[in-house]
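These notes concern the structure reproduced below.
Numbering (full-length UniProt numbering), first residue to last: 1 to 346.
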């Protein structure tokens, strides 16, 4: 792909995201989502591999369906109430259809089936965009319409997402699929709190994006996409593998890392809302995803390949660690001490 084409697609992504997150009218929000979808498709399919073409096709079909549902719910609400404003969504059927549309856009269970397949067929940099930037516009729409949505339905979908994200990621060997199920699991934490404390959902999304960006960029630097090759990276880049270990533990939500911060706040808020059983259930289900994070961390840093196999010997990379990865790793592991400051912003 030529640099000019990359520039056009990247600027279209930024434009589409900006239009959606800054709009008050359903039509402009929908137009922004469409620009986003059309801009990411060439980036998914750029390798011309059959799996990449399949991923782009699946992505296009699911996003087109979700956009049609979103437009349909907006039209239904406008038909009954005369309002095209995003925050004025009051018709119950329109709210239900919108919940389904946004769940499909985000990859929230039970509309999550497309996401692991699409991520598996995409390059690592495009997978990073799909996991973070592409989820920002639908997440903003979820934030803006959160007072109108059904909290019970969102709670059930959130618990289902965390359960499926944990269970389905257990036996995976492809790192992109593991990170896709990790994303589905994290979306559960965001969806369960959106009706009660929407700002916590956004905080969780920002920190998740930060940590996931660190993981994807590290994997892209060491050119690794499956567990068997991850086992050979320690001899090549020990420092980067150690950073990856800390970032994965943060993504798992273990204290004293940054990833513990949103989970702590969400459990606290759910308990305040007399939802202790839901908080207990989602906390226990997140232990499933903890297993595959630990498995990734174990493969990256503790396992060394046996010397009897005839694999290529990996040499140390003399290049220094990119400064972006160093800064991202620091922020994605060390923000917990400033949690009182972060709490004042939400």
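Even for Gly, the Cβ is constructed at its ideal location relative to N, Cα and C. Treat the numbers as computed from the prediction; the structure is a model and nothing was measured.
Got a sec, what are the start and stop residues for the alpha helix (DSSP H) residue i sits in?
i	result
residue 181	175-193
residue 79	50-81
residue 220	198-221
residue 268	260-272
residue 302	Note, residue 302: premise wrong, no alpha helix (DSSP H); not H, not E.
residue 31	26-44
residue 4	3-22
residue 126	124-131
residue 120	114-121
residue 136	136-145
With distances taken Cα to Cα, identify the nearest neighbour of residue i among the options.
i	options	result
residue 194	260, 141 and 24	141
residue 329	233, 188 and 219	219
residue 291	99, 258, 319 and 253	253
residue 127	179, 3 and 275	179
residue 110	160, 215, 211 and 335	160
residue 226	123, 286 and 129	123
residue 303	228, 203, 173 and 62	228
residue 172	45, 117 and 81	117
residue 105	62, 75 and 40	62
residue 65	183, 79 and 101	101
residue 353	2, 37, 4 and 3	Nothing in the structure corresponds to residue 353, since the chain is present only between 1 and 346.
residue 243	216, 191, 186 and 91	216
Using 10 angstroms around the beta-carbon of residue i, count the other beta-carbons present and answer buried if the total reaches 16, otherwise exposed.
i	result
residue 177	buried
residue 25	exposed
residue 97	buried
residue 308	Reliability of the predicted coordinates at residue 308 is poor, the pLDDT of 48 falling under 50, and no value is obtained from them.
residue 200	buried
residue 11	exposed
residue 263	buried
residue 274	exposed
Is residue i close to chain B? Criterion is C-beta to C-beta, closer than 7 Å.
i	result
residue 285	Absent from the structure: chain B. Only one protein chain is present.
For the stretch 143-156 against the stretch 127-135, are there 3 or more C-beta pairs whose distance is under 8 Å?
no
Could you tell me whether the stretch 31-44 touches the stretch 7-20, where touching means 3 or more Cβ pairs closer than 8 Å?
yes
Taking one C-beta from the stretch 43-50 and one from the stretch 63-71 each time, how about it: are there three or more such pairs within less than 8 Å?
no
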